[in-house]
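In the numbering used here, the protein residues as written are 841 to 961.
In structure tokens form, the structure reads like this:
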């Protein structure tokens, strides 16, 4: 494995995993609990192996309206979105479709797009 996405991470900024892999995060919200004072929920992380043979280009969030739900990068001409769409009552199918629709299907230099993650559909 050279690239690994993890959804539903518990890390809060500026924390990170203790590994030599390159790491990118979409940190989310802290859990306010008596027992979990230093934990978050609903984040996304991208781990890239130190000797990954592919050039990985982490992208700034391409959807400012929904920046907390996706982490994006390119490998060559492939645009990849990892999403975490939480299973809450406020988060319905219409909002999920709106988030997917607002993400660009291509950016300069890409010709393929992959959507992965936890859609809770």
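The C-beta atom is built at its ideal place from N, Cα and C for all residues, glycine as well. Note that this is a predicted model, so its numbers are computed, not measured.
In the structure shown, residue 908 falls within a helical segment according to DSSP collapsed to helix, strand and coil. In the same chain as residue 842, and ignoring 5 residues on each side of it, the C-beta atoms closer than 6 Å to its own belong to 889 and 892, in chain order. For the set 921, 851, 929 and 914, the Cα lying nearest the Cα of residue 958 is the one of 921.
About 6 Å separates the beta carbons of residue 883 and residue 866, which is inside the 8 Å limit, making them a contact pair.
For residue 916, the closest of 900, 855 and 951 by C-alpha to C-alpha distance is 951. Around residue 899, the same chain offers 912, 913 and 914 as residues with beta carbons nearer than 7 Å, after the five sequence neighbours per side are excluded. Taking a contact as a CB-CB distance under 8 Å, the pair residue 845 and residue 907 does not count as one, their CB atoms being some 17 Å apart. Burial of residue 939 is indicated by the presence of at least 16 other C-beta atoms within 10 angstroms of its C-beta. Within the stretch 890-956, complete beta strand (DSSP E) segments of at least 3 residues are found at 896-899, 910-915 and 918-924, given in chain order.
With respect to the 8 Å criterion, residue 923 and residue 910 are classified as neighbours on the basis of their beta carbons. Residue pairing by DSSP places residue 847 opposite 884 in a beta bridge.
Close CB contacts of residue 947 within its chain, under the 8 Å cut and outside five residues either way in sequence, are with 899, 902, 914 and 919 (chain order).
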